[in-house]
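Enquirer:
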Amino acid sequence: MEFEKLVAERRSVSRFDPGHSISDAELKSLFEQVVLSPSSFNLQHWRFVVVRDAENKAKLRKAALGQAQVEQASATIVVIGKLDAHTDAATLYADTPPEVRDNLVPMIEQFYADKPQLQRDEAVRSVSLAAMTLMYAARDMGYATGPLIGFDPQAVSDLIGLDGNHIPVLLIAIGKQVGDLRPRSARLPVSEVVRLETMSGPGPT
Ligand SMILES: Cc1cc2nc3c(=O)[nH]c(=O)nc-3n(C[C@H](O)[C@H](O)[C@H](O)COP(=O)(O)O)c2cc1C
Numbered sequence: 621m622e623f624e625k626l627v628a629e630r631r632s633v634s635r636f637d638p639g640h641s642i643s644d645a646e647l648k649s650l651f652e653q654v655v656l657s658p659s660s661f662n663l664q665h666w667r668f669v670v671v672r673d674a675e676n677k678a679k680l681r682k683a684a685l686g687q688a689q690v691e692q693a694s695a696t697i698v699v700i701g702k703l704d705a706h707t708d709a710a711t712l713y714a715d716t717p718p719e720v721r722d723n724l725v726p727m728i729e730q731f732y733a734d735k736p737q738l739q740r741d742e743a744v745r746s747v748s749l750a751a752m753t754l755m756y757a758a759r760d761m762g763y764a765t766g767p768l769i770g771f772d773p774q775a776v777s778d779l780i781g782l783d784g785n786h787i788p789v790l791l792i793a794i795g796k797q798v799g800d801l802r803p804r805s806a807r808l809p810v811s812e813v814v815r816l817e818t819m820s821g822p823g824p825t
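With this note's numbering as the guide, the letters of the sequence shown map in order to residues 621 to 825.
#1: Any heavy atom of ligand 1 inside 7 Å of the beta-carbon of I769?
#2: Within the same chain, show all residues whose beta-carbon is closer than 7 Å to that of P658, passing over the 5 residues directly before and after it, in chain order.
#3: From L782, A757, F651 and L790, pick the residue whose C-alpha is nearest to that of F771; which is it?
#4: Find out if the Cβ-Cβ distance for the pair F729, H706 is shorter than 8 Å.
#5: If I follow the unbroken alpha helix (DSSP H) through A751, where does it start and stop?
#6: If you check the beta carbons only, do L663 and S746 fall under 8 Å apart?
#7: Can you look up K702 in the DSSP assignment and give me helix, strand or coil?
#8: A793 to I697, Cα distance in whole Å?
#9: So, helix, strand or coil for P824, using DSSP?
#10: Report the start-end ranges of each alpha helix (DSSP H) in the segment 631-692 that is 4 residues or longer and not cut off at the edges.
#11: What does the alpha-carbon distance come out to for the pair K677 and Q774?
#12: Just list the residues that DSSP pairs Q797 with in beta bridges.
#13: Whole angstroms are fine: how far does the CA of T716 sit from the CA of F731?
#14: For A709, I'd like the list of residues in its chain whose CB is within less than 8 Å of its CB, leaving aside the five on either flank, ordered along the chain.
#15: Strictly by DSSP, which residues pair up with T765?
#16: Using DSSP with H/G/I as helix, E/B as strand and the rest coil, what is V789?
#17: According to the neighbour-count rule (16 or more other Cβ atoms, all chains shown, within 10 Å of its Cβ), is I769 buried or exposed?
#18: Looking only at C-alpha atoms, which of P638, P767 and A628 sits nearest to V798?
#19: Among A806, S641, V776 and D704, which residue has its Cα nearest to the Cα of D741?
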């Protein structure tokens, strides 16, 4: 699909056909696109748990303030951030020429060591970019998505078995849309959200 159309058509959907299933092959194709997303130092902080089983979706719905789309969607994907992804640098850069790797890997490790806030920021940043790829790729495959932040992180972590090194960043319901969409909510104008050079500069004309 043409990108401009894809962007215009992507909406946050909250009503899904509860009878529709998403296959492993479709998930594989979706995630093969998602993993092409950018991440800081290519650390790929993202992990995903696809909750597709009806009983598990019902439990996840409870952990998500009862939001019905979590259960009615074909699957709800828990988008997870790995906090210590920097410790994977040696493995990730194993095939890099030693003259690059031997400087880069310790530099990455030191950049993040003992900086829990930075580790968390990076996980959320990189994972959020993957989440956006997921929503556009899903749309391109004929699926609708709905991102959700309305959930109890501890309850979601317990449900899917996350340890303290992994945080649930976002839920994304994915499925076939039913019913009409509400009109797109208003956006702040570009003239208000974009400034040239400094925050007190003019907007683009
Ligand atoms: C980080 C994030 C969290 C969101 N959480 C929820 C949520 O918990 N429940 C919900 O119904 N919509 C949620 N939304 C959807 C927004 O309400 C929606 O993106 C916004 O109103 C703009 O609508 P559009 O995506 O259709 O353009 C969330 C969106 C984002 C990006």
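Don't be surprised by glycine CBs; every beta carbon is placed ideally from N, CA and C.
Expert: This is what the structure holds:
#1: Taking the first residue of the sequence shown as 1, we reach residue 769 at position 149. At least one heavy atom of ligand 1 is nearer than 7 Å to the Cβ of I769, so yes.
#2: For this step, residue 658 is matched to residue 38 along the sequence shown. Contacts found: L749.
#3: Reading the sequence shown from its first residue, position 151 is the one you call residue 771. Here the closest residue by C-alpha is L790.
#4: To locate residue 729, count along the sequence shown from 1; it is residue 109. To locate residue 706, count along the sequence shown from 1; it is residue 86. Reading off the sequence shown, one finds Glu at residue 729, where the question assumed Phe. Contact flag set, yes.
#5: For the purposes of this step, residue 751 is identified with residue 131 of the sequence shown, where counting begins at 1. A751 -> alpha helix (DSSP H) spans P736 to D760.
#6: The residue you call residue 663 lines up with position 43 of the sequence shown. The residue you call residue 746 lines up with position 126 of the sequence shown. Yes; because the gap between Cβ atoms is below 8 Å, this pair is in contact.
#7: For this step, residue 702 is matched to residue 82 along the sequence shown. Note: K702 maps to strand in three-state DSSP.
#8: Reading the sequence shown from its first residue, position 173 is the one you call residue 793. Reading the sequence shown from its first residue, position 77 is the one you call residue 697. Rounded to whole angstroms, A793 to I697 spans 6 Å at the Cα level.
#9: Taking the first residue of the sequence shown as 1, we reach residue 824 at position 204. Here P824 sits in coil by DSSP.
#10: 644-654, 674-683 and 689-692
#11: If you number the sequence shown from 1, residue 677 lands on position 57. If you number the sequence shown from 1, residue 774 lands on position 154. Cα to Cα, the separation comes out at about 16 Å.
#12: Along the sequence shown, one-based indexing puts residue 797 at 177. Answer is F636.
#13: For this step, residue 731 is matched to residue 111 along the sequence shown. For this step, residue 716 is matched to residue 96 along the sequence shown. Roughly 19 Å separates the two Cα atoms.
#14: Position 89 of the sequence shown holds residue 709. So the list reads F661, L663, L724, V725, I728 and E729, once near-sequence residues are dropped.
#15: By 1-based counting over the sequence shown, the position of residue 765 is 145. DSSP lists S632 and I794 as partners of T765.
#16: Here residue 789 refers to the residue found at position 169 of the sequence shown. Correct three-state label for V789: strand.
#17: Mapped onto the sequence shown, residue 769 falls at position 149. Answer is exposed; the Cβ neighbour count stays below 16.
#18: Indexing the sequence shown from 1 puts residue 798 at position 178. The shortest Cα separation from V798 among P638, P767 and A628 belongs to P638.
#19: Here residue 741 refers to the residue found at position 121 when the sequence shown is read from its first residue. It is D704 whose Cα lies nearest to the Cα of D741.
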